[in-house]
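Residue numbers for the sequence shown follow the numbering used here, beginning at 1 and rising by one.
Note that the Cβ used here is the ideal one computed from N, Cα and C, for glycine as well.
These figures come from a predicted structure and were not determined experimentally.
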Amino acid sequence: MRWQLPTTLLLSTLSATPALAGQEVVAVWSSSTFSTSGKTGTHNFSAGFALVNQDGESIYSEAYPDGYNPCTFVGQEFQLEKGCFGGAWYSFRCQATQTGIPQQCEVRGPEGNTVGTGEGEDQTDFFGVGIAKSGACRVKFELVDGIACGADAAGFSAHHSEF
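Pasting the structure below:
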């Protein structure tokens, strides 16, 4: 006797899945730090966040969305809405190492469900009297069906929220 999944259970499972299958997008959190030692030692840090479409074009790019670092050691979250998203919004979460290099990242869709996660990659370079660290965390995900974002889409609104 073969086991069969009841049709009603199968249909309810399919209808509970989010209606993704739209345009593929990559969210990228990045940062770099550079330090030298000695009397005139310096320290520089830079961070940023970008959304890139499947053609490699930047949809959204901001160093500090809503005035906040997009990825911190204790974790950071912000939402993007409007722009080419229309009435939809997406939530972007990231947690960094103690030096601020992205370590784990996540994107949540309009329903509040996780639509993708990523692990950070980093690189360390030692030279003479200094050190440089850089890294990024990437999440590939699909926008809700019907949303299409071209290069340099305008009108996005970023909102910082607690992680």
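How about residue i and residue j: are their beta carbons less than 8 Å apart?
i	j	result
G86	I131	no
C137	G116	no
A27	V129	no
G155	G83	yes
When DSSP labels each residue in this structure, what does residue i get in the three-state scheme?
i	result
F85	helix
G67	helix
T36	strand
Q98	coil
F45	strand
F73	coil
E57	coil
Thinking residue i and residue j are a contact (beta carbons under 8 Å), I'd like their distance in whole angstroms, please.
i	j	result
S58	V52	6 Å
G22	E142	5 Å
A50	T72	Between T72 and A50 the Cβ distance is about 17 Å, and since that is not below 8 Å, they are no contact.
**OP:** Please specify which runs of the beta strand (DSSP E), each continuous and at least 3 residues long, are wholly inside the segment 113-163, giving them in chain order.
**Re:** Taken in chain order, the complete beta strand (DSSP E) segments of 3 or more residues contained in the segment 113-163 are 114-119, 121-127, 130-142 and 156-161.
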